[in-house]
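Read top to bottom, the protein sequences are chains A, B and C. Position in the first sequence (first residue = 1) + 1155 = my numbering. Position in the second sequence (first residue = 1) + 36 = my numbering. Position in the third sequence (first residue = 1) + 31 = my numbering. Even glycine gets a Cβ: it sits at the ideal position worked out from N, Cα and C. Values in this document were obtained by computation on a predicted structure and should not be read as measured data.
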Amino acid sequence: MEGLAEELLAELNCETVFTIHLGSMDIPIAESTVITWVVMAVILLLSIFLTSNLKVHDISKKQLFAETVVIKLENFVADMIGEEGRAYVPYLCAVILYIGFANLIGLFGVKPPTKDLNVTAALALMSIILVQYAGIHRKGVKGWLKSFKEPMAIVTPINILEVFIKPLSLCMRLFGNVLGAFVIMELIKILVPVAIPVPFSFYFDIFDGLIQAYVFVFLTSLYIKESMEE
Amino acid sequence: MIAIGAGIAALACIGAGVGIGIAAGKATEAVARQPEAESKITKLLLLGGALAEATAIYGFVVAILIIVLLG
Amino acid sequence: MLRLDINLVFTIINLLIIYFIVAKFLIKPIKNILAKRQEEIDKQYADARTAEDKALELKQQYEDSVKGIADEKAAAVNEARAKAGQEYDRIVADAKAEADKLVDNARKLARQEQEKSVKQAQEQIADLVVEAAARVVASGQGSTADRELYNQFLAKTGEQQ
């Protein structure tokens, strides 16, 4: 029993892959950052591969696929955020792609980077900066400050608290989901390493991973929409 | 004590279970009433399930936190 | 698992780079190609519209010319008809004049004939009368003889008539 717990904890730990020594400073580079680089490389290569040799007529199957994916993705995100938030669609597309890839990469036996609190915290931080930026951009600084008094002046502390609660909940939801899925998958893998993990992997890695990417983007767009409302 | 605390934190699963159960039941009713809206209802159900599940996930995270930080 | 350190900053930078990659390398080219396609479709639509306009114009012209031809034709037919009518009238008039002339001639001839025959008849009657008178005078007999003579004369003239 002790061995199993040790093994599990070892799996759960995010290791520092290497450390950069910059003068007297030590900069540890975590596994999640490295895997994020891999995801970046995959997205970059896929994008370049899919968008190379684009033509107006007689399109190839590859181009058809690329166009379908991009249009579907854009419509999907634009449906959630509405017409007013058109400018934020590319960012949300990028986030949904990144979280999707990051969650799916667990299939290849790598630890998903979203299991690291750093990554989800960064995502949530970005989201909340975007939400507040959308509010300021839309209403101006004055209107943005005034929106804290909505609907009554007495709820101002709650509104201010909400600014921090929203990203925390976003961050913890994603982190907990991926971590929970990861823990269960590791447990199953330790107990029965062959055949049994496959259907569970379908649910926890593919379905749950994609659903969480969707939920993250959905909530972010909801917050952006809310902050843009008069 | 730590293990007991973690166990209690994991009780948050109850709420999520009840919530998802209600959501699924209502979704079934809705589909029975309006079968043509099934795709939309399914989408909403998945979203609601994911959001309700978050509660259970919070319990799980708290349990992990208790074990790791206090243990 | 639970650590917040400098990697958070790295992740934010990575996220921004991913955003850049997606916006620049995935969405922009596809958008460009779609915009280009849309432009081309619009252009084709415009071309089709101008072509249609041109065709309509041509059709209008053609119809106008057809209408002109029809008018011309109608005028020509009318003219021909008028000419033919004149000709007809003229021919009919000629024919009538000729026929009148012929009829006049015939009538004149007939009258001359008649006059001639009447004259002859008168002459003969005169001769007969003269002859009869001569005979009456010559015989100078009774009334029987007169009667006989008279009957004789009547039979003679009756034969002659």
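Item	Value
Please check if any C-beta of chain B sits within less than 8 Å of the C-beta of Phe1330 (chain A).	yes
Give every residue of the same chain whose Cβ lies closer than 8 Å to the Cβ of Val1197 (chain A), excluding the five residues on either side of it in the sequence, and list them in chain order.	Phe1256
For a contact meaning CB atoms closer than 7 Å, what does Ile1182 (chain A) contact in chain C?	Ile37
Identify which residue in A:Ile1361, A:Ile1284, A:Ser1376 and A:Ile1320 has its Cα closest to the Cα of Pro1267 (chain A).	A:Ile1361
Is it buried or exposed for Leu1285 (chain A), if we count other Cβ within 10 angstroms and need 16 for buried?	buried
Is there at least one Cβ from chain A nearer than 8 Å to Glu71 (chain C)'s Cβ?	yes
Within this structure, are the beta carbons of Ile1190 (chain A) and Thr1174 (chain A) separated by less than 8 Å?	no
Cβ of Phe1357 (chain A) less than 8 Å from any chain B Cβ?	no
I want to know whether the region 72-91 of chain C touches the region 1223-1230 of chain A - three or more CB-CB distances under 8 Å.	no
How about Leu1325 (chain A) and Ser1282 (chain A): are their beta carbons less than 8 Å apart?	yes
When the Cα of Gly1331 (chain A) is compared with those of B:Ala46, B:Gly41, B:Arg69 and B:Lys76, which residue comes out closest?	B:Ala46
So Ile1366 (chain A) contacts chain B; which residues on that side make the cut at Cβ distance below 7 Å?	Leu82 and Ala86
Less than 8 Å between the CB atoms is what I'm expecting for Gly95 (chain B) and Ala48 (chain B), so what's the real figure, rounded?	3 Å
Verify the contact flag: Ile1251 (chain A), CB atom, against every heavy atom of the ligand COA, threshold strictly below 7 Å.	As presented, the structure is devoid of all ligands, the ligand COA included, so that no description of it is given.
I'd like to know whether the C-beta of Val53 (chain C) is nearer than 8 Å to at least one C-beta of chain A.	yes
Tell whether a beta-carbon distance below 8 Å holds between Met1180 (chain A) and Phe1373 (chain A).	no
Using DSSP bridges, identify the partner residues of Met1340 (chain A).	None, per the DSSP bridge assignment.
Buried or exposed for Ser1207 (chain A), please, with buried defined as at least 16 other CB atoms from any protein chain shown within 10 angstroms of its CB.	exposed
So with CB distances below 7 Å, who are the chain B contacts of Gly1335 (chain A)?	Ile93 and Phe96
Excluding the 5 residues preceding and the 5 following Ala1384 (chain A) in the sequence, name in chain order all residues of the same chain whose CB lies nearer than 7 Å to its CB.	According to the sequence provided, residue 1384 (chain A) is Glu. The question's Ala does not apply to it. Counting only Cβ-Cβ distances below 7 Å, and skipping sequence neighbours, we find nothing.
Applying the 10 Å Cβ sphere with the 16-neighbour rule, what's the burial state of Leu101 (chain B)?	exposed
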